[in-house]
Every structure is written in C-alpha cells, then in structure tokens.
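Beneath this line is the structure, given in structure tokens, with notes to follow.
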Amino acid sequence: MAKTDPLAQLKDIHLPEPISWWPLAPGWYVVMTVLFLLIIGLCYWVYKRHINGLAKQKALNLLSIYKENYMKDRNVQIASARVSELLRRVALVYFPRTEVASIHGDDWVEFLNKTSKNIDFKPVKAMLLDSPFKTGETVNLNPLFTRAEQWIRQRGAPCLNS
C-alpha cells in the first residue's frame with residue numbers, strides 16, 4: 151500500500167453562495183413602512199399649508215388692490231367699506247360663523263383686537279366703523295390698511311366649523 155499524503159487529499163476552499171438581497175429582513179419592511187407613512191404625512195402637511203395660505207394670499211392681494219385704488223381715487227368711503235368687508239370675510243374663513251357673523255360696532259373692533267397679536271384697532275375704529283357711511287370725508291387710511299394687512303398675515307389654519 152502506498153502511503154498517500156493526507157494534505158494532497160484536501161480540496162480547495164468552497165465559498166458559500168452569495169447572499170441574496172431578496173427577501174428582505176423583516177426590519178427593512180418596518181423601515182420602509184415608516185418612511186412611506188412619513189412621506190405621506192409630509193405631503194399632507196405641505197398640501198394643507200398651501201391650501202391654508204391660499205385664502206390668506208388672496209385676501210392680501212385684494213387688500214393691495216383696494217389700497218392701490220384708494221391711492222388713485224382717494225375715495226375714503228369706498229376704501230374703508232372694502233377693507234371692513236374684507237376683514238369680515240377673512241374672519242368668517244378663520245373663525246366659526248356663529249362667533250363672527252353677528253358681531254358689529256364696538257364688538258367688531260374688540261374682536262379684531264382680541265384675535266390679533268400686538269395690533270390695536272382702536273385708533274382706526276372710526277375709519278373702520280364710520281367712514282364707510284360718510285361721504286366727502288378726507289382721512290388718511292394708511293393706518294387702517296397697515297393694521298388690516300398685519301391682522302390678515304397673522305391668520306393660521308381656516309376654521310372647519312362653519
């Protein structure tokens with residue numbers, strides 16, 4: 151019997167088959183689900199923010215048009231009536247109708263003060279309440295336009311309880 155070398159009988163190293171990337175481990179499914187939900191939530195947040203900003207942007211555009219018309223025509227009666235109407239329309243979008251619709255006079259000015267941050271409508275109270283009904287009056291409405299713009303810019307999400 152011939153003695154054989156035991157090392158010669160060894161075969162080459164066998165590498166295991168490459169690990170497949172499919173099927174994924176359960177943890178990856180959890181990660182993908184969480185990412186998917188986060189993306190959906192982010193898209194919804196961006197959409198709601200865009201929609202909420204549309205009402206505010208349209209109101210600011212209207213206010214800008216009203217101010218341009220006032221600067222051109224100097225008609226205090228029409229300009230103050232339009233600003234008052236615009237403020238009420240914006241309030242109806244951002245606050246419950248039951249809270250806003252019946253307010254008038256001093257209560258309306260108080261509501262504007264209560265719902266604003268650091269804006270006082272008392273100095274422009276006469277412009278807001280009386281000027282729409284006086285003809286031929288010459289008043290500088292710039293403080294009213296400034297306060298109205300600030301108040302509109304402070305609005306957040308529209309009210310869902312109409």
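Under the working numbering, the first residue of the sequence shown carries the number 151, and numbering increases by one thereafter.
For each residue, glycine too, the CB sits at the ideal point set by N, CA and C.
Flag this pair as yes or no: are the beta carbons of residue i and residue j separated by less than 8 Å?
i, j, result
"Asn263", "Asp256", "no"
"Ala307", "Asn219", "no"
"Phe245", "Cys309", "yes"
"Ser230", "Ser281", "yes"
"Ala209", "Val240", "yes"
Assuming residue i contacts residue j (C-beta within less than 8 Å), just tell me the rounded distance between them.
i, j, result
"Ala298", "Val233", "5 Å"
"Leu213", "Ile302", "7 Å"
"Val259", "Leu237", "With 8 Å as the limit, Val259 and Leu237 do not qualify as a contact, their Cβ atoms being about 10 Å apart."
"Arg305", "Lys217", "Rounded, the Cβ-Cβ distance is 18 Å, inconsistent with contact."
Taking the alpha-carbon of residue i as reference, which of the options has the nearest alpha-carbon?
i, options, result
"Val274", "Thr265, Lys267, Asn290", "Asn290"
"Phe295", "Phe245, Ile215, Glu249, Asp280", "Ile215"
"Thr288", "Asn225, Lys217, His254", "Asn225"
"Pro293", "Lys272, Gly191, Arg199", "Lys272"
"Asp314", "Met182, His164, Gly286, Ser252", "Residue 314 lies beyond the range of the chain shown here (151 to 312); nothing can be said about it."
- Message: Report the start-end ranges of each alpha helix (DSSP H) in the region 214 to 280 that is 4 residues or longer and not cut off at the edges.
- Response: 226 to 244, 247 to 250, 256 to 264, 275 to 279
- Can you give, in chain order, each stretch of the alpha helix (DSSP H) that sits fully within the region 170 to 204 and has at least 4 residues? none
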